[in-house]
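Below is one structure; the comments refer to it alone.
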Amino acid sequence: MKKYFALETKGKKANIYIYGDIVSWEWFESDVSSYTLAKEIENLPEDIEIINVFINSYGGEVAEGLAIYNALRRHKAKVKTYCDGFACSAASVVFMAGDERNMNSASMLMIHNAWMYTAGDPNQLRKNADDLEKINQAAIEV
(Lines of atoms letter the chains of each structure in order from A; the text may use other names.)
(Lines give C-alpha, C1' and ligand atoms only; values in the text may rest on other atoms or scores of the structure.)
Protein backbone atom coordinates (compact mmCIF):
# COMPACT_ATOMS: atom_id res chain seq x y z
CA MET A 136 0.00 0.00 0.00
CA LYS A 137 1.67 3.20 -1.20
CA LYS A 138 -0.62 5.77 0.40
CA TYR A 139 -2.94 6.11 3.37
CA PHE A 140 -6.08 5.93 1.24
CA ALA A 141 -5.96 2.94 -1.07
CA LEU A 142 -8.18 0.46 -2.88
CA GLU A 143 -6.82 -3.00 -3.71
CA THR A 144 -8.54 -5.94 -5.36
CA LYS A 145 -7.77 -9.61 -4.75
CA GLY A 146 -9.93 -12.14 -6.52
CA LYS A 147 -13.57 -11.36 -5.76
CA LYS A 148 -12.70 -9.04 -2.84
CA ALA A 149 -11.83 -5.37 -2.76
CA ASN A 150 -10.04 -3.78 0.17
CA ILE A 151 -10.41 -0.08 0.86
CA TYR A 152 -8.16 1.58 3.43
CA ILE A 153 -9.28 4.93 4.82
CA TYR A 154 -6.44 5.95 7.10
CA GLY A 155 -6.74 9.72 6.87
CA ASP A 156 -9.17 12.61 6.72
CA ILE A 157 -12.43 12.56 4.78
CA VAL A 158 -12.47 15.82 2.82
CA SER A 159 -13.90 17.43 -0.29
CA TRP A 160 -10.47 18.49 -1.54
CA GLU A 161 -7.54 16.11 -1.17
CA TRP A 162 -4.54 18.16 -0.03
CA PHE A 163 -2.51 15.32 1.47
CA GLU A 164 -1.92 11.75 0.33
CA SER A 165 -3.80 10.57 3.41
CA ASP A 166 -6.98 12.47 2.43
CA VAL A 167 -9.94 10.82 0.71
CA SER A 168 -12.89 12.49 -0.99
CA SER A 169 -16.25 11.01 -1.84
CA TYR A 170 -15.62 11.73 -5.53
CA THR A 171 -12.34 9.81 -5.61
CA LEU A 172 -13.69 6.85 -3.67
CA ALA A 173 -17.05 6.71 -5.50
CA LYS A 174 -15.24 6.59 -8.86
CA GLU A 175 -12.97 3.79 -7.65
CA ILE A 176 -15.96 1.82 -6.31
CA GLU A 177 -17.81 2.38 -9.58
CA ASN A 178 -14.85 1.02 -11.55
CA LEU A 179 -14.48 -2.18 -9.53
CA PRO A 180 -14.61 -5.40 -11.56
CA GLU A 181 -18.12 -6.79 -12.06
CA ASP A 182 -17.37 -9.97 -10.08
CA ILE A 183 -16.48 -8.28 -6.78
CA GLU A 184 -18.55 -9.95 -4.06
CA ILE A 185 -17.08 -8.40 -0.90
CA ILE A 186 -15.80 -4.91 -0.18
CA ASN A 187 -13.72 -4.69 3.00
CA VAL A 188 -13.36 -1.15 4.33
CA PHE A 189 -10.59 -0.66 6.91
CA ILE A 190 -10.90 2.63 8.81
CA ASN A 191 -8.56 4.61 11.02
CA SER A 192 -9.75 8.19 10.68
CA TYR A 193 -10.64 11.17 12.83
CA GLY A 194 -13.33 11.94 10.23
CA GLY A 195 -13.83 15.14 8.32
CA GLU A 196 -16.66 16.66 6.32
CA VAL A 197 -20.05 15.10 7.00
CA ALA A 198 -21.26 15.60 3.41
CA GLU A 199 -18.28 13.59 2.18
CA GLY A 200 -18.92 10.86 4.74
CA LEU A 201 -22.58 10.59 3.74
CA ALA A 202 -21.64 10.38 0.05
CA ILE A 203 -19.09 7.61 0.74
CA TYR A 204 -21.72 5.78 2.82
CA ASN A 205 -24.18 5.97 -0.09
CA ALA A 206 -21.57 4.88 -2.68
CA LEU A 207 -20.79 1.79 -0.60
CA ARG A 208 -24.47 0.97 0.03
CA ARG A 209 -25.26 1.35 -3.66
CA HIS A 210 -22.76 -1.34 -4.68
CA LYS A 211 -24.11 -4.88 -5.03
CA ALA A 212 -21.23 -6.43 -3.06
CA LYS A 213 -21.45 -7.25 0.63
CA VAL A 214 -19.70 -4.46 2.55
CA LYS A 215 -17.68 -5.29 5.66
CA THR A 216 -16.33 -2.38 7.69
CA TYR A 217 -13.48 -2.67 10.18
CA CYS A 218 -12.56 -0.04 12.73
CA ASP A 219 -8.79 -0.53 12.90
CA GLY A 220 -8.22 2.37 15.29
CA PHE A 221 -10.58 5.33 15.31
CA ALA A 222 -13.76 5.83 13.28
CA CYS A 223 -14.67 9.31 14.45
CA SER A 224 -17.14 11.88 13.22
CA ALA A 225 -17.64 11.50 9.43
CA ALA A 226 -15.65 8.23 9.53
CA SER A 227 -18.31 6.80 11.88
CA VAL A 228 -20.85 7.39 9.10
CA VAL A 229 -18.65 5.45 6.64
CA PHE A 230 -18.28 2.68 9.24
CA MET A 231 -22.06 2.31 9.37
CA ALA A 232 -22.15 1.45 5.64
CA GLY A 233 -21.11 -2.08 6.51
CA ASP A 234 -23.54 -4.94 6.16
CA GLU A 235 -21.18 -6.38 8.74
CA ARG A 236 -19.40 -4.01 11.17
CA ASN A 237 -16.30 -5.10 13.08
CA MET A 238 -14.57 -3.47 16.02
CA ASN A 239 -11.84 -4.66 18.34
CA SER A 240 -11.41 -3.91 22.01
CA ALA A 241 -8.61 -1.52 20.99
CA SER A 242 -10.70 0.48 18.51
CA MET A 243 -13.02 3.43 19.10
CA LEU A 244 -16.15 4.76 17.39
CA MET A 245 -17.04 8.40 18.07
CA ILE A 246 -20.35 9.91 16.99
CA HIS A 247 -21.32 13.52 17.67
CA ASN A 248 -23.73 16.21 16.55
CA ALA A 249 -22.74 18.09 13.41
CA TRP A 250 -21.17 21.50 13.89
CA MET A 251 -19.97 24.39 11.76
CA TYR A 252 -18.44 27.81 11.93
CA THR A 253 -20.92 30.50 11.03
CA ALA A 254 -21.32 34.23 10.70
CA GLY A 255 -24.19 36.43 9.68
CA ASP A 256 -27.34 38.10 10.84
CA PRO A 257 -29.99 36.38 13.02
CA ASN A 258 -31.76 34.97 9.95
CA GLN A 259 -28.56 33.33 8.69
CA LEU A 260 -27.75 31.91 12.13
CA ARG A 261 -31.27 30.41 12.44
CA LYS A 262 -30.93 28.88 8.95
CA ASN A 263 -27.56 27.37 9.85
CA ALA A 264 -29.03 25.89 13.05
CA ASP A 265 -31.88 24.38 11.01
CA ASP A 266 -29.36 22.99 8.50
CA LEU A 267 -27.35 21.39 11.31
CA GLU A 268 -30.48 19.68 12.63
CA LYS A 269 -31.13 18.22 9.16
CA ILE A 270 -27.53 17.02 8.91
CA ASN A 271 -27.81 15.43 12.36
CA GLN A 272 -30.99 13.66 11.29
CA ALA A 273 -29.30 12.26 8.17
CA ALA A 274 -26.48 10.87 10.32
CA ILE A 275 -28.98 9.41 12.81
CA GLU A 276 -30.79 7.63 9.94
CA VAL A 277 -27.48 6.01 8.96
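Residues in the sequence shown are numbered consecutively from 136, following my numbering. Beta carbons: idealized from backbone N, C-alpha and C, even for Gly.
{"Check": "Can you check the segment 228–266 for any beta strand (DSSP E) of at least 3 residues that lies completely inside it and give the ranges in chain order?", "Outcome": "235–238, 243–245"}
{"Check": "Would DSSP call L207 helix, strand or coil?", "Outcome": "helix"}
{"Check": "So, with DSSP's three-state summary, where would you put S192?", "Outcome": "strand"}
{"Check": "Provide the residue(s) that pair with V167 in DSSP beta bridges, ordered along the chain.", "Outcome": "I157"}
{"Check": "Taking the straight line between their C-alpha atoms, what separation do you get for N239 and N258?", "Outcome": "45 Å"}
{"Check": "Quick one: what's V214 bridged to in DSSP?", "Outcome": "I186"}
{"Check": "Report the residue from A241, I190, V229, N187 whose alpha carbon sits nearest the alpha carbon of Y204.", "Outcome": "V229"}
{"Check": "For A279, I'd like the list of residues in its chain whose CB is within less than 7 Å of its CB, leaving aside the five on either flank, ordered along the chain.", "Outcome": "Nothing about residue 279 can be reported from this structure: the residues present for the chain run from 136 to 277 only."}
{"Check": "In whole angstroms, give me the CA-to-CA distance for T162 and L244.", "Outcome": "It should be pointed out that residue 162 corresponds to Trp in this sequence rather than to Thr. Rounded to the nearest angstrom, the two C-alpha atoms are 25 Å apart."}
{"Check": "Once the 5 residues before and after H247 are set aside, which same chain residues still bring their CB inside 7 Å of it?", "Outcome": "S224"}
{"Check": "So, with DSSP's three-state summary, where would you put G220?", "Outcome": "strand"}
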